[in-house]
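Residue numbers (my numbering): 223 to 1028.
Heads up, the beta-carbon is just placed ideally off N, CA and C, and yes, glycines get one too.
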């Protein structure tokens, strides 16, 4: 494994030799047990072993802390997902039964054996299980009898008692038509109720404990090959990974796009045995297989093809059958092969998943999100609160921070494990009433005045302390029903919540933020409408497309650019001098991906394509200064006469400084004189063309060589003339999509295209979406919603029939 910059006293690889072949393995999540792992033997007989080993960082040696007998090989081992140490130090194993053990040194004690067969002492063998990270009292098991069982654990805090931990069946369901091979809880929906499973029928199915009447099939293998393993993304619950039996590839799925893999990782030369997502990054996953290789992949460019891993390690002595990424040690992964355990230091380059200066980030505080650009000494405002963001630089996205008071309305961010709910903490030991009939709303129930409450916040008290003071000084809080108390606390939590998460911008987040701020600025373009436009345009990674956009902050451009690969091209045509690219910049595309985007003025492009004489190289700006007004735009945006300022690259003649091009905004009319002052021999050199002309020539060459695969118009202007001008560059049997926030221009365009005879399948639709609140016994449509998502005209260009033959 590639390793860089490690401390001098720390080794890159630690190895432990077990007395027997190894199969199952799991890394402890307790912060005080940094390098503690549990190992399960694989001996084809009844007597097997489980061993707890720990690394001594001073001596760099592994030592066995506890070894105990286990009937049959363990199919999986897991430590209790308790990073704060509030639960007993438990370990669970699956095989013929689900067993829960209390870890100790040197003795590990069996706490309970869980059997879901009420009529017999024997049950069907368990293939796997998963321990819920949000609620450690929940464990889900999968079995060869086609069922999944959700167990509830009762854990005590008193030591020295036998069978202190007990369990019961919460629910059991038939999950698949054949054997179930793996189960995993998802962090979506609160992280407690949703899980997925894979089985011998070749399907991935998703379940919700709140609605077990049905399940959702999110993927089925075309050949119905059994699926063996399943793993959820630790940071982005929309993604999961699975692997089929004897397959050399790992399939990445997006639950928002069922049945279609968004990526296939296929660099292994033999069947894959293990998959593990990074605990601190949403775009890194490691895989291991019988080819002796452990590979780490960067999947941030999905859905574009992922060809090679970023890191690779070869275990020369055996086939790797298990791989784990350290939950509390994100720089380390562990692998098992034959009798060996190795932990590897993987200081791989994950800068793309870390916050960098100049990146855009999404600051999320409960349901509120805000887009912000990070600078070296960045400050962000949330309401009246000011946040210092310098601590987030270099940290991974999806990191949670706590706001700690630094002054009046000034907060610094301190990294923490996760957000804590005020309602859940404060309502534990509070008594409640039976009804609210005796409570009078006379504004006198709170003994603290408004000034005193403001003073509490200005004094630097935490949100929990302030809400605690409000409860103590409330005359009616203890008389309210439990539901009313929780509702009151949730309202106060929204105001005093002191946790926030730094998220990586996605198209959905950027769209929602812009729509919430001012929907008129983006032409009421909702996320569901963007998805319909992308689908109707038939975007594929190697295609070439034209998008005409004016007045929606570059949202449609960003959505189409997001799906292009290395061989794709996107020509962004705009009416004014400077294209709107706010959404494109917010997506943090890498320079290589941005190079696929060509932004050109519509008038300059059409003139270059249809003109008879080529513009002379020694007069690069003459046409812009003396050009005519754009007939397709009657507003000030469409006027390209006398542009006040453009980006003009100042290039020296020294070849060593070619990579240090400085882009300074200068007036076009003064460009030649400035260059003469900087370089006396300017007359002997070819004048550097302005960027707008270079982009226009690049787009013109592209359109002369081939016709595009799709045409998308998202414009405030009347679209008929735009479509008529750009339709000749569209290849036959390719789609055209026109969006408008009002219907009448599209009706006129519908009649125009219908009369041409070369556009078929015309369809005018209105996009409409209504969100719903989904809570137990409180599910209903949201009261506030947008009235319309705009109108969309779609069609397909065909070859015009030659009527002279008839």
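Of the residues the options, the one placed nearest residue i, counting alpha carbons only
i, options, result
"residue 356", "315, 387, 409", "409"
"residue 758", "266, 985, 1007", "985"
"residue 397", "416, 369, 403, 423", "369"
"residue 800", "483, 628, 914, 392", "914"
"residue 463", "420, 435, 780", "420"
"residue 654", "642, 552, 710, 989", "710"
"residue 699", "783, 744, 530, 663", "663"
"residue 1010", "742, 436, 625", "742"
"residue 260", "233, 268, 564", "564"
"residue 282", "320, 243, 237, 274", "237"
"residue 975", "959, 990, 964, 989", "959"
"residue 830", "656, 750, 920", "920"
"residue 199", "927, 522, 233", "Here the chain comprises residues numbered 223 to 1028, so residue 199 is not present and cannot be evaluated."
"residue 320", "337, 312, 327, 309", "337"
"residue 955", "972, 931, 966, 295", "931"
"residue 474", "314, 509, 468", "509"
"residue 994", "1007, 983, 820", "1007"
"residue 339", "371, 927, 291", "371"
"residue 633", "728, 612, 697", "612"
"residue 674", "660, 691, 658", "691"
"residue 935", "824, 792, 771", "771"
Residue i and residue j closer than 7 Å at C-beta
i, j, result
"residue 968", "residue 1013", "yes"
"residue 592", "residue 585", "yes"
"residue 822", "residue 946", "no"
"residue 608", "residue 587", "no"
"residue 305", "residue 251", "yes"
"residue 472", "residue 487", "yes"
"residue 754", "residue 989", "yes"
"residue 402", "residue 364", "yes"
"residue 774", "residue 809", "no"
"residue 297", "residue 350", "yes"
"residue 557", "residue 568", "no"
"residue 424", "residue 449", "yes"
"residue 542", "residue 516", "yes"
"residue 547", "residue 492", "no"
"residue 497", "residue 453", "yes"
Residue environment, residue i, which counts as buried when at least 16 other CB atoms sit within 10 Å
i, result
"residue 681", "exposed"
"residue 1003", "exposed"
"residue 172", "Missing from the structure shown is residue 172; the chain here goes from 223 to 1028 and no further."
"residue 1022", "exposed"
"residue 666", "exposed"
"residue 495", "buried"
"residue 978", "exposed"
"residue 629", "exposed"
"residue 763", "exposed"
"residue 490", "buried"
"residue 902", "In this prediction, residue 902 has a pLDDT of 48, which is less than 50 and means its spatial position is unreliable; nothing more can be read from the coordinates."
"residue 241", "exposed"
"residue 997", "exposed"
"residue 637", "exposed"
"residue 702", "buried"
"residue 625", "buried"
"residue 310", "buried"
"residue 1042", "Nothing can be reported for residue 1042: it is not among the residues displayed for the chain, which extend from 223 to 1028."
"residue 732", "buried"
"residue 846", "Low per-residue confidence applies at residue 846: pLDDT is 35, beneath 50, and the placement is therefore not dependable enough to give any value."
Cβ separation of residue i and residue j, assumed to be a contact under 8 Å, to the nearest whole Å
i, j, result
"residue 293", "residue 262", "12 Å between Cβ atoms; not a contact."
"residue 962", "residue 726", "The Cβ separation is near 32 Å, so there is no contact."
"residue 627", "residue 576", "Incorrect: roughly 27 Å between the Cβ atoms, too far for contact."
"residue 376", "residue 393", "Wrong, their Cβ atoms sit about 16 Å apart, outside the cutoff."
"residue 685", "residue 719", "6 Å"
"residue 783", "residue 811", "7 Å"
"residue 443", "residue 466", "6 Å"
"residue 404", "residue 415", "That belief does not hold up - the Cβ atoms of residue 404 and residue 415 are roughly 19 Å apart, past 8 Å."
Chain C contact for residue i (CB, 7 Å cutoff)
i, result
"residue 543", "Protein chain content of the structure displayed is limited to a single chain, and chain C is not contained in it."
Give, in chain order, every unbroken run of the alpha helix (DSSP H) that is at least 4 residues long and sits entirely within the segment 794-819.
-> 804-808, 813-816
Unbroken beta strand (DSSP E) runs of length 3 or more, entirely within the segment 319-349: which are they?
-> 320-324, 331-336
Which whole runs of the beta strand (DSSP E) in the segment 927-953 are 3 residues long or more, in chain order?
-> 932-936
Taking only runs of the alpha helix (DSSP H) that begin and end inside the segment 648-722, which ones reach a length of at least 4 residues, in chain order?
-> 672-680, 685-694, 704-718
Every unbroken alpha helix (DSSP H) within the segment 437-499, with a cutoff of 4 residues, ordered by chain = none
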